[in-house]
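Q: Here you go, one structure.
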Amino acid sequence: MKKNISLCLTAIIAAGFTYSASADNTKEAKVDRSIQVYKKADLVQWNREKTAGGEGELLGNFAFTRHQTDAQDAFKEIGWLTLPKGASIGLHKHNDNEDVYIIISGKGLFTDGNGKQTQVEAGDITIARPGQSHALKNIGDEPLVFLNPVAKLADPPAK
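Per mature numbering (1 follows the signal peptide of the UniProt record, and there is no 0): the sequence shown = residues -23 to -1, 1 to 136.
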């Protein structure tokens, strides 16, 4: 029994280090501005629990994240995101950036800052502009997959 508990704890600790290593990598390295193609195999995994007060896990694979960009970069984050069945991103406000959801597959319920709910599916695009709020929930039986570019007006390059 003690041996099984010990093995389980070791596996949990190892999994935690693996998860934090992949998430921490998004915070350390700056974007290599010479890269113009981000291959699927090279995307960085960064999963989040209860995003913005939502339910369940948000699964993410990113070309880069907001932790890696500079002030001159308009795109702060680009990722393929997946909400498993029943998972959601809670209602949250964007103060100074724009957050786009391009729905690839699945069915979702998009909520805007006024509480208006709209069903979204493959081919639909949503946007939260500065000062606007939004939320998204998977209401289908399949994973809700969407592309998520996040942009902010770039500062001009230093001279």
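Here a beta-carbon is modelled for each residue, glycine too, at the ideal position from N, C-alpha and C.
What is the rounded straight-line gap between the Cα of N38 and the Cα of D19?
A: Rounded to the nearest angstrom, the two C-alpha atoms are 9 Å apart.
Q: Quick one: is L130 buried, meaning 16 or more other Cβ sit within 10 Å of its Cβ, or exposed?
A: Burial call: exposed.
Q: Where are the beta strand (DSSP E) runs, 3 residues long or more, that stay fully inside the segment 1 to 74, in chain order?
A: As far as the segment 1 to 74 is concerned, its whole beta strand (DSSP E) runs of at least 3 residues are 34 to 41, 52 to 60 and 65 to 70.
Q: Closest by CA to T28, which one among Q96, V97 and G67?
A: Per the Cα distances, G67.
Q: Exposed or buried, which one is E54 when buried takes at least 16 other CB atoms within 10 Å?
A: Classification of E54: buried, given that the 10 Å Cβ count is 16 or more.
Q: How many whole angstroms separate the CB atoms of V97 and T103, which I take to be in contact at a CB cut-off of 8 Å?
A: Rounded, the Cβ-Cβ distance is 6 Å, consistent with contact.
Q: Given a cut-off of 9 Å, decide if A99 and I80 are closer than it, judged by their beta-carbon atoms.
A: Cβ atoms of I80 and A99: closer than 9 Å.
Q: In the DSSP assignment, the beta strand (DSSP E) including I104 goes from what residue to what residue?
A: First-last of the beta strand (DSSP E) with I104: I102 to A105.
Q: Residues in the same chain with beta-carbon distance under 6 Å from G90, minus the five sequence neighbours each way, listed in chain order, please.
A: Taken in chain order, the residues that qualify are Q109 and S110.
Q: Could you tell me whether the Cβ atoms of V127 and R43 are closer together than 9 Å?
A: Contact flag set, yes.
Q: By Cβ distance below 7 Å, which residues in the same chain neighbour L35 in space, the five residues on each side in sequence not counted?
A: Cβ within range, chain order: N24, R25, T28, L58, L60, A64 and I66.
Q: Return yes when the Cβ of P107 is within less than 9 Å of the Cβ of N72, no when it is not.
A: The answer is yes: Cβ separation under 9 Å.
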